[in-house]
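Note sheet for the following structure.
Numbering (full-length UniProt numbering), first residue to last: 1 to 205.
Below you can see the structure in the form of structure tokens.
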């Protein structure tokens with residue numbers, strides 16, 4: 001037995017020393033050195049935009065297109081090895097008279113070594129979505145807004161990151177899309193720069 005792992009009692013009797021307990025870091029995930037939330041969000045938005053640019057569909061209605069984008073966002077998160085949840089609880093309550101209940105997010109991604117990512121998907125420019133994502137960003141999450149349509153997408157305030165997907169409108173309120181050869185980068189902010197179903201609230205970073 002080495003001197004480092006024993007104690008010597010009076011009389012020369014050697015006994016094992018108590019084990020050294022190494023406590024693992026607990027609490028919210030932190031960014032690696034040299035990375036901040038703006039860098040992380042911009043990188044993730046660009047990566048997700050590239051993934052969505054590969055989508056192809058034809059003659060889908062509005063609900064079906066939104067569903068396709070939610071599915072693609074979940075697959076993107078799982079491809080990175082993250083846990084992905086649909087309809088995860090938001091930090092924002094529902095408006096009255098349901099203010100005792102929480103709003104939900106289209107997709108929420110739990111990452112082991114970084115703050116969570118939350119994603120909303122919309123066809124229209126919804127003020128409540130912007131408010132929800134801003135609240136999520138204030139809570140320390142990376143907030144991404146997927147907007148799809150025929151173009152002219154309003155840019156949300158920072159730090160919400162916008163990912164757009166242009167589609168072609170067909171007669172009968174149907175939409176189609178063929179992937180572009182070179183998808184454009186996600187728009188910049190104005191000013192300064194794996195389980196489906198219900199999920200518990202994500203841990204705050």
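Cβ coordinates follow ideal geometry from the N, Cα and C atoms, glycine included.
- Residue 68 counts as buried, since at least 16 other C-beta atoms from the protein chains shown sit within 10 angstroms of its C-beta.
- Following the DSSP letters along the chain, one finds residue 121 inside the beta strand (DSSP E) bounded by residues 117 to 122.
- When DSSP reads this structure, residue 48 sits in no beta bridge, so it has no partner.
- Shown here, residue 68 sits in a helix according to DSSP, grouped into three states.
- Judged by their CB atoms, residue 49 and residue 163 are nearer to each other than the 8 Å cut-off.
- Less than 8 Å separates the beta-carbon of residue 156 from that of residue 130.
- Under the rule that a run must span 4 or more residues, the alpha helix (DSSP H) segments found entirely inside the region 97 to 148 read 127 to 138.
- In terms of Cβ geometry, residue 55 and residue 177 form a close pair [threshold 8 Å].
- Under the 10 Å beta carbon count, residue 36 is surrounded by fewer than 16 other beta carbons and is classified as exposed.
- Rounded to the nearest whole angstrom, the CA to CA distance from residue 77 to residue 171 is 33 Å.
- Boundaries of the beta strand (DSSP E) around residue 161: 161 to 166.
- The beta carbon of residue 60 sits closer than 6 Å to those of 175, all from its chain and outside the five residues before and after it, given in chain order.
- In the three-state DSSP reduction, residue 173 falls in the coil class, being neither helix nor strand.
- Annotation for residue 87: the continuous beta strand (DSSP E) segment containing it runs 83 to 93.
- Here residue 153 is not bridged, per DSSP, to any residue.
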